[in-house]
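Working notes, beginning with the structure itself.
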Amino acid sequence: MSNTGVLAPVDAVNPLPAGAQLLVIGGGYCGHRFATRLQELGTRVITTRRNPEAGSNALAFNSDDGTIPSAEALAGTTHVLVTAPPDREGQDPCLKALESQLRRLELQWVGYLSTTGVYGDRKGLWVNEDDEAPLESLLRRSAARRRCEEAWLSSGWPVQIFRLPGIYGPGRNPMGSLRRGESRLVHKQGQVFCRIHVDDIVGAITHCLALLAERRPALLNVVDAWPAPSSDVISYAAHLLGCSLPEFQPFEAIAGELSPMALSFWRDNRRVSNQRLTQGLGYGLKYPSFREGLRACLNEEQAQLG
């Protein structure tokens, strides 16, 4: 059910019209990478951070203490990408604190980065955007994401929800923990995880923005084509680095040592389809599996080291 899609499109053309302004709420790993790419393509971009560094152009936005950007600072915004997670109450901090500011704008598009966790546990079976898990069956954080999705979809704006699995990329992949000697080679029979390289998140969103509005689906899985056990990924990362593998550990042998949060990541088992993205919208994955993605990560990290 998963697919690599067609050949990756040349993404050197700005997908937004002249005069557009993008607001990226949350300048974390994905938000920063997307903002940088759109700036390279010529879009005016505004970003927010909870605590902007001195000299940064980012706007301060912290819903916990009531710090929000002024209406003047957001003036002219036409497109918004929301990367901020639910707050402590499980609500969307942007809608709660910024909705009145956003209502003053003539928004042409809102993107919301969600999680494939909203599909819950499927015992390793395939799921797509048409599948819906009962809210009460979801992990608490996934249920909060579903509620945030629903809030954005009922906002009246043209909203796209991008459902993401585990995210990796340069500086955020198993090679770092292997180098530090902190990696664990844990295997649980039948368990797979889906994942996506950060540049395919950027590429998929950019691809959607270049489509006619009526072709943009409200829900979209952005996942690669190769669900796999985490032990396979760590083994391949070790192969690339030429380092020895950590000791193999069956999940059952170490489950008692794991925190509730760590255990929760092993509870859900599903394979998430990318057919709507690749076949329906024609997006070609830059990194169809973790193998291509990890090789690219290593190349980029080595290039940065000179």
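Just so you know, we're using this note's numbering here: the sequence shown kicks off at -9 and counts up by one. Ideal Cβ positions, reconstructed from N, Cα and C, are used throughout, including at glycine. Treat the numbers as computed from the prediction; the structure is a model and nothing was measured.
Assumed close pair P219, R261 - CB separation to whole angstroms, cut-off 8 Å: Not quite, the Cβ-Cβ distance comes to about 12 Å (not below 8 Å), so this is no contact.
Spatial neighbours of E107 in its chain, beta-carbon cut-off 6 Å, leaving aside the 5 residues before and after: Checking the sequence, you will find Gly at residue 107 rather than Glu. Contacts found: S132.
S145 versus L199: straight-line alpha-carbon distance, rounded: 19 Å
Cβ-based burial, A227 [other Cβ within 10 Å; buried from 16]: buried
Identified DSSP bridge partners for P240: H177
Length of the line joining the Cα atoms of V137 and L6: One detail in the question is off: residue 137 reads as Arg in this sequence, not Val. Rounded to the nearest angstrom, the two C-alpha atoms are 29 Å apart.
Secondary structure of G193, DSSP reduced to three states: Here DSSP, grouped into helix, strand and coil, assigns G193 to helix.
Where T67 falls: helix, strand or coil (DSSP): coil
Complete alpha helix (DSSP H) runs within the segment -2 to 31 (minimum length 4 residues, chain order): 19 to 30
Residue nearest to F241 in terms of C-alpha spacing, selected from Y102, A252, L288: The residue with the shortest Cα to Cα distance from F241 is A252.
Per DSSP, cross-strand counterpart(s) of R162: G159
Integer-rounded CB distance, given that A50 should sit under 8 Å from T57: 5 Å
DSSP state of Y273 mapped onto helix, strand, coil: Y273: coil per DSSP, three-state reduction.
Sheet register partners of N211 (DSSP bridge): R153
7 Å CB neighbourhood of W323 in its chain, flanking five on each side removed: Outside the shown range of the chain (-9 to 296) lies residue 323, about which nothing can therefore be said.
DSSP bridge partner residues for Y102 (one or two, in chain order): V72, I151.
Cβ pair count under 8 Å reaching 3, the segment 153 to 169 against the segment 97 to 113: yes
Rounded C-alpha distance that separates I15 from N259: 30 Å
Length of the line joining the Cα atoms of G171 and V3: 42 Å
Simplified DSSP state of I186, which is helix, strand or coil: Shown here, I186 sits in a strand according to DSSP, grouped into three states.
Contact under 8 Å by Cβ, G161 with E291: In contact: G161 and E291 (Cβ atoms closer than 8 Å).
Buried versus exposed, by CB contacts within 10 Å (16 or more), E140: exposed
Span of the beta strand (DSSP E), counted from its first residue to its last, around V35: For V35, the enclosing beta strand (DSSP E) stretches over residues 34 to 39.
Under the three-state DSSP convention, the category E264 falls into: The question names Glu, but residue 264 is Asn in the sequence shown. Coil.
Presumed contact (8 Å Cβ cut-off) between P164 and D214, rounded CB distance: The Cβ separation is near 15 Å, so there is no contact.
8 Å contact criterion, which R266 and L210 should meet: CB distance rounded: 6 Å
Three CB pairs or more closer than 8 Å across the segment 7 to 27 and the segment 65 to 73: yes
Pair within 8 Å by beta-carbon distance, S53 and P75: no
Whole-Å CB distance - P148 paired with Q98, under 8 Å assumed: Going by Cβ atoms, the distance from P148 to Q98 rounds to 7 Å, so yes, they are a contact pair.
L143 versus S60 - alpha carbon distance: Taking the straight line from one Cα to the other gives about 25 Å.
For R40, the nearest candidate out of D55, G272, L31, T26 (CA to CA): D55
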